[in-house]
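J.: The following block contains the structure, expressed as structure tokens.
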Amino acid sequence: MILKIAWRNIWRNKIRSLVVIIAIALGLWAGTFASGFYEGMIGQKINDVIENEYSHFQFHHKKFRDELAIKEVIENGEEIREKLNSEEKVVGSSGRVIATAMIASANKSGGIKAVGVLPSDEAVVTQLNDKIVEGEYFEGIKRNPILISKKIADDYHLDVKNKLVLTLQDVDGEIISASFRVAGIYKSNNGMFDEMNVFVQRSDLQNIVNLQPSEFHEIAVLLTEHSLAEQYAKKYADLYPNLEVLPWLDLAVGMRYMVEASGTFAYIFVGIILVALLFSIVNTMLMAVMERTREIGMLKAVGLNRRKIFSMIMLETVFLSMIGAPLGLLIAYGFIERLGKVGFDLGSVGEAYSEMGFAAVIYPELGFETYLSITIMVFCMAFIAAIYPARKALKLNASEAIRKI
Amino acid sequence: MKNLVIETIAISKIYEGVVPVKAVDAVDLQIEDNEFTAIVGPSGSGKTTLLNMIGGLDRPTSGSVKVNGRDLTGLSENQLIDFRLNHIGFVFQSYNLIPVLNAKENTEFIMLLQNIEKKVRDERVEKLLNEVGLGDKMKSKPSQLSGGQQQRVAVARALASKPDFVLADEPTANLDSHSTSNLLDIMARLNEEEGTTFVFSTHDQRVIDRAKRVITLVDGKIESDIRK
């Protein structure tokens, strides 16, 4: 009967209840969708960081990342690659030669990072071949082909088959210039990455800077699963103590913090919305209790005990919340599922996101456990919101309440 | 010898404030089984306060209230709620039905709180609503009933728990004369035929005329106690 009364009570003032229900639904939709958006954005960022930039873990000479000196090489690069490629969980590895260089076109010059790769290995590890938007992946140019980003192409007014000059130091510190011809133009999701990186054939760069074919500056390794990265990095760090072997989380600045924070973001965001909704529900329930002072007094007079009065107010609050919450979660689920497939284009804002290293089209995603946790949070919020109005109802003096007009 | 249902022993009620008000002043009162008693008096004479103390809704400042020999003054709030549920029926001036429940559900409500089984509840609700002339209004919500009809549902609800007595605070105050007469007929019949004890507070001469005992309160004290 208490259940029936509580349910019917919330429909006594339909408009007021609907306003609260809609507020809860909208609040949760916004919070859940924003969480899905953020989780999708971080997920994509992780994939981009792994697939485009760092792979799952990398080998370097211990001083290379600090000094970027051309002479600090991994001497037994091919031997390490052979060992890696025999691992079941290793999808591929790419030995790279890296040199900071000046790029000069007919119009402009500036600093970049020239990355020498073996095209077939790089295609496996970073799918660089899939990012070509103009020209070919190291094809169509006989001597010194180079891949530049769309951003560099625009900045330096370069096109496919145009010539450019890279000036860099060799292992002996001599300044050398070499001309390259644009074979292809690539575009990744990360504007900052695109701004800095050009790709040449590893053998070309090794020849220019006087390195042996088995000498690399970097070996990037792609595994079958993200979760194996730290375990494999540690294993190879132990195997090659004279080299620096780090997982992507330690290579990409700020990523570890971002990944750790992403787990709590949904709860913080939804939590803030729920706190705001809590006050709205408390206000509504308080009004509902005050309007029914005489009725609650009568219920106490005829024998409804304190526990049942408390339960009645509690149930009314929980009903309001539990109608609004599934509605909001369902709408958010629909949005996240749909946009998870077609993507959420950030439009003009996307450029700014891209500059910060995020994709311009976000594919929201949210795990089932997050939906479940949000539902539990709503339930707790409803319980907390009910306490004050319910206590107010309990404090009513039956004889005074009945006389109240 | 009749059973003593209500006994007040020197009960007083003082409302504290800037100027303390003594609403009821050392009232001794005995009400027996099957009585049909009206407590009358001018506004502010202490009728409702006395009724509230008898019904366990208010605690006396001093003195004690006994219902069927049980002293209410020592009971906790929860014990009082339970006591009211099982021993006292209430009829209020403003009907005070539960607006979201229909006549049947309002009448049944007290029995549900008493955990009475459904078959017994259904039979009793039907009997009571027929007795108050609302057998055809079982599904009607309070908003679909007239004031008189609502007060008759309130009487049915008060009787549903088979209380020791029914307290009615100005039950006819909001009713027209036809509804008043109708309600008084029902309560008088229940008193005669079922032996239900009624205690009213009232200003209404029509209620006073029908009462078998009239207690007049003035300034919180019993001025007269007349049995007809």
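Heads up: the sequence lines are chains A and B, in that order.
In case it helps, our numbering puts the first sequence at residues 3 to 407.
In case it helps, our numbering puts the second sequence at residues 3 to 230.
Every residue gets a Cβ at the ideal spot worked out from N, C-alpha and C, and that includes glycine.
(1) For the alpha helix (DSSP H) that contains MET408(A), what are its first and last residues?
(2) Starting from the beta carbon of ASN132(B), find every residue of chain A whose beta carbon is closer than 8 Å, and list them in chain order.
(3) Tell me the residue span of the alpha helix (DSSP H) that contains TYR238(A).
(4) Helix, strand or coil: which one does DSSP assign to PHE140(A)?
(5) Would you say VAL119(A) and GLU136(A) are within 8 Å of each other, going by their C-beta atoms?
(6) Looking only at C-alpha atoms, which of GLY94(A), ALA395(A), VAL304(A) and ALA403(A) sits nearest to GLU318(A)?
(7) Measure the beta-carbon distance from GLN60(A) to LEU253(A) and round it to whole angstroms, keeping in mind my assumption that it falls under 8 Å.
(8) For the 8 Å Cβ check, are there 3 or more pairs between the segment 20 to 40 of chain A and the segment 275 to 291 of chain A?
(9) Using the Cα positions of VAL67(B) and GLU293(A), report the straight-line distance between them to the nearest angstrom.
(10) By Cβ distance below 7 Å, which residues in the same chain neighbour TRP13(A) in space, the five residues on each side in sequence not counted?
(11) From which residue to which residue does the beta strand (DSSP E) around ARG98(A) run?
(12) Going by beta carbon distance, what residues of the same chain come within less than 7 Å of ARG126(B), once the five residues before and after it are set aside?
(13) What does SER401(A) touch in chain B if you count any residue whose Cβ is under 7 Å from its own?
(14) How would you write the range of the alpha helix (DSSP H) that ARG258(A) sits in, first residue to last?
(15) Mapping the DSSP letters down to three states, classify LEU160(A) as helix, strand or coil.
(16) Under 8 Å, do VAL92(A) and LEU225(A) count as touching if we go by C-beta distance?
(17) Contact between the segment 358 to 375 of chain A and the segment 189 to 208 of chain A is defined here as three or more beta-carbon pairs at a separation below 8 Å; is this criterion met?
(18) Does the Cβ of GLN129(A) have 16 or more other Cβ atoms within 10 Å, making it buried, or fewer, making it exposed?
(19) Looking only at its own chain, which residues have a Cβ that is under 6 Å from the Cβ of PHE267(A), when we skip the five neighbours before and after it?
(20) At the 8 Å Cβ level, is LYS16(A) part of the contact set with chain B, yes or no?
(21) Taking 8 Å as the threshold (beta carbon to beta carbon), is VAL304(A) in contact with chain B?
(22) Which runs of the alpha helix (DSSP H) at least 4 residues long sit entirely within the segment 158 to 196 of chain B? Give them in chain order.
(23) Does the count of Cβ pairs from the segment 138 to 157 of chain A and the segment 234 to 249 of chain A closer than 8 Å reach three?
(24) Mind pulling the chain B residues with CB within less than 8 Å of GLU297(A)?
(25) Which residue wins for smallest C-alpha separation from LYS214(B), given the options ILE16(B), SER14(B), VAL42(B) and VAL26(B)?
(26) Applying a beta-carbon distance threshold of less than 9 Å, which residues of chain A neighbour LEU87(B)?
(27) Could you check what DSSP says for GLU37(B) in three-state terms: helix, strand or coil?
(28) Using DSSP with H/G/I as helix, E/B as strand and the rest coil, what is VAL20(B)?
(29) If we cut at 8 Å on Cβ distances, does MET314(A) have a partner in chain B?
(30) Leaving out five residues before and five after PRO249(A) in sequence, what residues of the same chain have Cβ atoms less than 7 Å from its Cβ?
(31) Excluding the 5 residues preceding and the 5 following LEU186(B) in the sequence, name in chain order all residues of the same chain whose CB lies nearer than 8 Å to its CB.
(32) Anyone know if the C-beta pair for GLN203(A) and PHE140(A) falls short of 8 Å?
(33) In whole angstroms, what separates the C-alpha of PRO62(B) from that of THR75(B)?
(34) Quick check: the Cα distance between MET289(A) and THR295(A), rounded to an integer number of angstroms?
(35) Quick check on the burial criterion: 16 or more other C-beta atoms within 10 angstroms. Buried or exposed for GLY299(A)?
(36) Using the C-alpha atoms, what's the distance from PRO22(B) back to VAL122(B)?
T.: In short, the structure shows the following:
(1) A question about residue 408(A) goes unanswered here, because the residues of chain A that appear run from 3 up to 407.
(2) Within chain A, no residue comes near ASN132(B); the closest Cβ sits about 22 Å away, beyond 8 Å.
(3) 231 to 241
(4) coil
(5) no
(6) ALA395(A)
(7) 6 Å
(8) yes
(9) 32 Å
(10) SER19
(11) 92 to 106
(12) MET113 and ALA162
(13) ASN54, LEU59 and ASP60
(14) 257 to 293
(15) coil
(16) yes
(17) yes
(18) exposed
(19) TYR40
(20) no
(21) yes
(22) 179 to 191
(23) no
(24) ASN98, ILE100 and PRO101
(25) VAL42(B)
(26) VAL304, GLY305, LEU306 and ASN307
(27) coil
(28) coil
(29) no
(30) HIS58, PHE59, ALA231, GLU232 and ALA235
(31) THR174, ARG208, VAL209 and ARG212
(32) yes
(33) 7 Å
(34) 10 Å
(35) buried
(36) 48 Å
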